[in-house]
Structure formats: C-alpha cells, structure tokens
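S.K.:
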Amino acid sequence: RILILDFGSQYTQLIARRVREAGVYCELHAWDMSDEDIRDFNPNGIILSGGPESTVAEDAPIAPQLVFELGVPVFGICYGMQTMTAQMGGKVENADHHEYGYAQIRARGHTSLLKDIDDHVTEEGHGMLDVWMSHGDRVVELPTGFKLMASTESCPVAGIANEDKRFYGVQFHPEVTHTQQGQRILERFIHDICGCAADWTPGNIADDAIASIREKVGTDEVILGLSGGVDSSVVAALLHKAIGEQLTCVFVDNGLLRYKEGDQVMATFAEHMGVKVIRIDAEQRFLDALAGENDPEKKRKIIGNLFVDIFEEESNKLKAAKWLAQGTIYPDVIESAGSKTGKAHVIKSHHNVGGLPDYMKLELLEPLRELFKDEVRKLGVELGLPYDMVYRHPFPGPGLGVRILGEVKKEYADILRLADHIFIEELRKHDLYNSTSQAFAVFLPIKSVGVTGDGRRYEWVVSLRAVETIDFMTARWAHLPYEFLDHVCRRIVNEVSGISRVVYDITGKPPGTIEWE
Ligand code: XMP
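For the sequence shown, full-length UniProt numbering assigns the number 9 to the initial residue and increments by one for each residue that follows.
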C-alpha cells in the first residue's frame with residue numbers, strides 16, 4: 009500500500025485515483041501525519057504531493073522526517089520534490105518566471121524510474137517526455153547522493169533521483185493526463201520500485217469488504233436508507249451479499265423521483281436480488297409539507313427533514329437494528345476532513361440521515377468509505393447491479409423538488425417526469441447519454457401560448473438541461489445536435505399533455521448552476 013501525503017495541490021486526489029487505477033491501495037493523508045500513524049499505516053512507498061506553498065517561505069510545510077527514515081521508496085511530485093530537496097540538504101529558489109502548462113523535458117534514462125520511458129527520442133539519442141508543469145519555485149542544488157534525472161531549458165532540475173535510497177522527485181505532474189507517460193511513471197514507481205502488486209481489483213475489493221463487514225457486524229441487524237442512487241445501491245448489494253437477511257433497506261418514495269424509478273428500485277433489489285426492502289409511499293406527505301413553499305433552500309430543508317422523520321419512524325420499528333449503513337465515499341471523507349485533520353467521521357449531509365437522534369444508538373457502517381466514485385461503480389457491476397443503474401447520471405437528493413421551480417405540485421411533477429423520461433430515453437437511443445454528465449428537464453411554472461392543429465393551447469413550459477463536466481464544480485452546456493433537440497421537443501409537445509413549449513438551457517456553470525434551484 010502507498011501513502012500519499014497531501015501538501016494541498018489541486019491534483020492530489022488525482023494521484024490517489026491514478027495509484028488505485030494501477031491496482032494498488034493507497035490513502036491520502038495530511039502532510040503533518042503523525043509518526044505513529046505513518047508507522048501504523050505501514051506503507052510500501054510514499055508519495056509527496058504538490059502544493060501551493062513555497063518551500064522557501066518561513067513555516068513552509070515539510071514532510072515528517074520519518075518519511076525519509078523508514079527505508080521505503082519516496083516519490084516527490086512538484087512541491088514534494090522541492091521539500092525533499094530542502095529537507096535532504098539541497099537548495100530551492102523562487103524561479104524568475106513561473107511555468108504553467110505543457111513542457112518538453114529531457115528524461116535521463118539512466119534511472120530506474122524513467123528508464124525506457126519517453127515520448128520520443130532526439131537525433132542525439134536523448135529521450136524526451138511531454139509533461140504538464142505547474143510551479144513557481146525550482147531546485148537549484150541537488151542534495152548529496154542525488155543525481156539529475158530530467159531537465160528542461162527553463163527548469164534545469166526537473167527530476168532528481170537517489171537510487172541507493174530509492175528517493176525520486178519530479179517537477180512535473182505525472183498524475184494529470186496531459187503528461188503522456190504519467191501513468192507509466194507512477195506504475196513504475198509503485199509496481200517496480202515499491203514492489204506493490206496490482207491486486208486492488210473490484211473482485212478483491214468486494215471480497216475484502218464482505219469479509220470486513222461480516223467481522224464487524226457479526227449477527228447484528230443493519231438498516232440502510234436506499235435511495236436508488238449509485239452509492240446506496242452499491243452498499244445494498246454489498247451488504248446483501250455479506251449478511252443477507254440481516255439487512256433491511258428502507259426506501260422512502262417521496263413522489264419526487266424520476267419516471268418509474270420507485271418500481272425500478274423495487275424490481276432490482278427486492279424482486280431480482282431478494283433484498284429485504286420496505287417501500288414507504290410518502291408522496292402525499294411530501295406534497296403536503298411542500299404546499300405553498302417557493303423558496304429553493306426551504307424546499308430542500310422540508311424534503312430533508314421529512315425524510316429523516318419518516319426514516320426514523322421506520323427504523324424505530326426495526327428494534328433489533330444495531331447498525332446504520334451509509335453510502336459515504338472517499339471524496340466525501342477527504343473533502344469534509346479538509347487537508348488538516350484527515351480522519352473526521354462525517355456523515356454525508358445530503359444523505360439526509362445525518363440527523364438521526366442519538367437515542368437510536370446506531371453504529372455507523374460505511375463500507376464505501378475508502379472508495380472513489382469510479383471504484384464504487386466498478387464494484388457495483390462486480391456485484392451484479394445493472395450497468396445502466398451504476399452509470400446513471402447523478403440525481404439530487406431533493407429530486408424533482410428542485411426541478412419544479414417554485415411551489416411543488418403533483419400535477420407539475422407528473423408532467424415533468426414524462427418530459428424528463430422522453431429526453432433521457434432519446435439521449436440513450438442516440439448514444440448521447442454517456443457523453444453528457446447530467447441531463448434532465450426542468451418544469452417552469454409559466455404558461456405560454458401554442459397552437460396545434462386548429463386549436464390554441466395555453467400550457468406549461470419545460471426547459472431541457474444537459475451539461476458536460478468532470479467535477480460538477482464547473483460545467484459547459486452540452487452542444488447537442490439541433491436535429492436531436494428538434495426531435496425531443498416534438499415528442500415532448502406531442503406526447504405530454506400540459507406542455508406547449510420546450511426551451512434549451514445554454515448557460516454554463518459559472519455563471520449558472522447545473523440545477524435551476
Ligand atoms: P449545482 O446545481 O450546484 O449542482 O451546480 C452540482 C451538482 O450537485 C447536485 N445537486 C444536489 N445534490 N442535493 C443533492 O444531493 C442537493 O440539494 C443538490 N443540489 C444540486 C446537482 O444535481 C449537480 O450534480
């Protein structure tokens with residue numbers, strides 16, 4: 009296993025994902041991890057991430073000295089290389105100009121890290137690498153025992169190596185895909201230099217998780233709020249495999265789900281897999297609670313609170329339950345812990361079960377806590393969940409409640425569900441579903457005049473929204489083909505009574521958000 013110490017680079021999570029993709033388990037911890045925790049983790053190798061600070065600054069963060077004393081290989085990336093240099097007795101300076109973007113570096117193939125890895129070879133026989141640079145400071149003096157491993161004109165020391173100690177440093181970012189050979193370099197480090205086998209596979213992840221759930225839970229009963237979303241679905245499948253009948257899922261149908269979603273959840277879990285699922289049909293309660301409310305944040309609160317109330321009522325009936333399972337995943341853990349503490353035990357707020365009262369005295373079971381989203385999906389497929397369910401676009405906890413602008417009414421929800429279903433169905437048919445990150449329809453509570461045949465219509469408007477994004481923090485509106493949009497619009501106006509007009513949202517994020525509320 010690999011330990012990654014985080015110095016705050018925007019790319020640190022990517023390092024962890026790349027290591028996992030190479031089939032090796034790794035964890036991300038704050039740069040000031042205690043010696044005791046480092047020893048407990050017992051890494052086969054350590055990666056020091058990049059970071060926004062300058063090693064030249066006073067109180068600059070440094071790696072625990074233990075990192076260099078454990079006798080395991082160390083790989084410093086960008087800031088990680090600089091702090092390694094400074095800590096081992098070399099010298100780092102503020103560079104005259106900052107370097108950001110593509111660069112070609114000369115890789116010296118004599119080191120075990122870069123040997124035979126290059127993008128092309130010059131006439132003189134030098135191996136060259138196309139890499140992504142992003143740094144201000146630079147190394148100007150190598151520490152004793154290190155040799156030069158890579159260089160560019162503007163950055164004479166772009167890579168260093170101490171083969172005896174198996175310490176390596178690079179100024180560029182192997183974890184970003186712009187660095188063509190980045191994955192190979194990381195794999196060289198973790199497989200060949202650290203000696204970690206590629207055994208972190210969905211099958212092994214499942215086996216390990218099942219064994220550890222069984223050990224933890226014993227013969228206790230577990231409850232899980234199943235939402236139909238990817239994370240809780242994978243938890244359900246995993247727990248079912250691990251403890252079968254000891255698992256009870258509570259599925260609250262709030263009436264704000266997508267077309268036939270409730271039935272699909274029941275079909276997949278209860279009917280096909282034989283999971284014990286209690287379905288609570290709470291549409292009317294949610295509609296009553298939302299009546300008259302226009303404010304998006306208040307609607308979110310109402311939906312979240314009512315979910316907790318209902319979940320609590322149901323869980324109270326399951327007297328034997330000792331554990332509450334949740335679909336918390338690794339990015340939630342990292343993000344909520346921040347770079348400093350690393351270990352906070354946080355309940356995912358939009359899972360909405362965070363408000364369970366203390367008296368329920370349920371212990372938390374979070375079997376996906378160490379997994380990235382792509383690993384969760386692969387695990388879901390491994391556990392036999394339908395591919396389309398596992399690779400579904402994200403859907404917000406408050407569901408259609410925030411896609412019906414203003415007051416939520418059943419009439420609106422029913423219309424919206426149909427329009428949304430047509431849009432999604434056509435996206436799938438035209439092979440556009442997987443190239444968009446999120447797509448849906450939004451109900452606009454305004455009436456517009458239309459004409460069909462000889463009749464005049466005065467009906468509602470829906471907006472279609474489709475975006476492409478990697479992280480959902482920024483997004484670009486999907487440039488769907490005009491013919492496709494035309495086709496979807498015709499179907500919606502013809503097939504969904506109550507809609508006379510369809511518009512397409514061409515706002516990016518920023519300035520817009522992905523959802524309309
Ligand atoms: P925005 O609209 O903020 O959305 O650009 C970013 C991502 O978050 C989802 N989203 C939510 N998810 N509860 C959720 O579970 C919410 O209240 C909520 N609001 C937005 C949104 O669908 C998108 O994927």
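All residues carry an ideal CB built from backbone N, CA and C; glycine is no exception.
Only a predicted model underlies this, so the values are computations on that prediction, with no experimental measurement involved.
With DSSP run on the structure shown, which of helix, strand or coil describes residue 495?
M.R.: What you label residue 495 is simply residue 487 of the sequence shown in a count that begins at 1. Residue 495: helix per DSSP, three-state reduction.
S.K.: Please name the residue in 73, 472, 482 whose C-alpha comes closest to that of residue 514.
M.R.: Mapped onto the sequence shown, residue 514 falls at position 506. Here the closest residue by C-alpha is 472.
S.K.: Of all the options 324, 315, 380, 318, which has the alpha carbon lying nearest to the alpha carbon of residue 339?
M.R.: As a working mapping, residue 339 is identified with position 331 in the sequence shown. When each option's Cα is compared against that of residue 339, the closest is 380.
S.K.: Could you tell me which whole beta strand (DSSP E) segments of length 3 or greater appear in the segment 181-234?
M.R.: Here the runs fully enclosed are 229-233.
S.K.: At a threshold of 7 angstroms, does residue 412 count as lining the ligand XMP (C-beta to nearest heavy atom)?
M.R.: The residue labelled residue 412 in the question sits at position 404 within the sequence shown. Residue 412: no, Cβ never under 7 angstroms from the ligand XMP.
S.K.: Can you list, in chain order, the residues of its chain whose CB lies under 7 angstroms from that of residue 385, leaving out five sequence neighbours each side?
M.R.: Indexing the sequence shown from 1 puts residue 385 at position 377. Counting only Cβ-Cβ distances below 7 angstroms, and skipping sequence neighbours, we find 238, 398, 399.
S.K.: Can the beta-carbon of residue 6 be found less than 8 angstroms from the beta-carbon of residue 179?
M.R.: In this structure the chain extends from 9 to 525, so residue 6 is not present and cannot be described.
S.K.: Relative to the C-alpha of residue 119, which residue among 158, 103, 147, 429 is closest?
M.R.: Position 111 of the sequence shown, counted from the start, is the residue given in the question as residue 119. Checked all of 158, 103, 147, 429; the closest Cα to residue 119 is 158.
S.K.: For the segment 273-331, which segments carrying the alpha helix (DSSP H) assignment without a break, of at least 4 residues, lie completely within its bounds, in sequence order?
M.R.: The segment 273-331 contains these whole alpha helix (DSSP H) runs: 291-298, 304-325.
S.K.: Please confirm whether residue 55 and residue 75 have their CB atoms less than 8 angstroms apart.
M.R.: Position 47 of the sequence shown, counting from 1, holds the residue named residue 55. Position 67 of the sequence shown, counting from 1, holds the residue named residue 75. Against a cut-off of 8 angstroms, the Cβ pair of residue 75 and residue 55 comes out as no contact.
S.K.: For the segment 296-305 and the segment 266-273, state whether three or more C-beta atom pairs, one from each stretch, are separated by less than 8 angstroms.
M.R.: Because the criterion of three Cβ pairs below 8 angstroms is not met, the segment 296-305 and the segment 266-273 do not touch.
S.K.: Using CA atoms only, rank isn't needed, just tell me which of 86, 142, 213 is closest to residue 390.
M.R.: In the sequence shown, counting from the first residue as 1, residue 390 sits at position 382. Looking at the Cα atoms, 213 is the closest of the given residues.
S.K.: With DSSP as the reference, label residue 447 as helix, strand or coil.
M.R.: Taking the sequence shown and counting its residues from 1, the one referred to as residue 447 is at position 439. Residue 447 falls in the strand class under three-state DSSP.
S.K.: Taking the alpha-carbon of residue 459 as reference, which of 452, 468, 451, 453 has the nearest alpha-carbon?
M.R.: Here residue 459 refers to the residue found at position 451 when the sequence shown is read from its first residue. The candidate whose alpha carbon is nearest that of residue 459 is 468.
S.K.: Report the rounded CA-to-CA distance for residue 334 versus residue 246, giving the unit in angstroms.
M.R.: As a first step, residue 334 must be located in the sequence shown, where it is residue number 326. As a first step, residue 246 must be located in the sequence shown, where it is residue number 238. Cα-Cα distance, rounded: 12 angstroms.
S.K.: Using only the heavy atoms of the ligand XMP, determine whether one of them is closer than 7 angstroms to the beta carbon of residue 5.
M.R.: No information on residue 5 is available, as it lies outside the stretch 9 to 525 that the chain covers here.
S.K.: Pick out whichever of 326, 516, 433, 31 has its Cα sitting closest to the Cα of residue 476.
M.R.: Locating residue 476 in the sequence shown gives position 468, where the first residue counts as 1. Out of 326, 516, 433, 31, 516 has the C-alpha closest to the C-alpha of residue 476.
S.K.: Less than 8 angstroms separating the beta-carbons of residue 191 and residue 127?
M.R.: Residue mapping note: residue 191 aligns to position 183 of the sequence shown, counting from 1. Residue mapping note: residue 127 aligns to position 119 of the sequence shown, counting from 1. No, they are not a contact pair.
S.K.: Where do the N-terminal and C-terminal ends of the alpha helix (DSSP H) with residue 94 fall, by residue?
M.R.: Within the sequence shown, residue 94 is the residue found at index 86, counting from 1. Where residue 94 is concerned, the enclosing alpha helix (DSSP H) stretches over 87-95.
S.K.: In the DSSP assignment, what are the bridge partners of residue 524?
M.R.: Taking the first residue of the sequence shown as 1, we reach residue 524 at position 516. Paired residue(s): none; residue 524 is not in a bridge.
S.K.: So what does DSSP say about residue 508, is it helix, strand or coil?
M.R.: For the purposes of this step, residue 508 is taken as residue 500 along the sequence shown, with counting starting at 1. It is a strand residue.
S.K.: Quick check on DSSP: helix, strand or coil for residue 264?
M.R.: As a position in the sequence shown, residue 264 is number 256, starting the count at 1. Reduced to three states, the DSSP call for residue 264 is coil.
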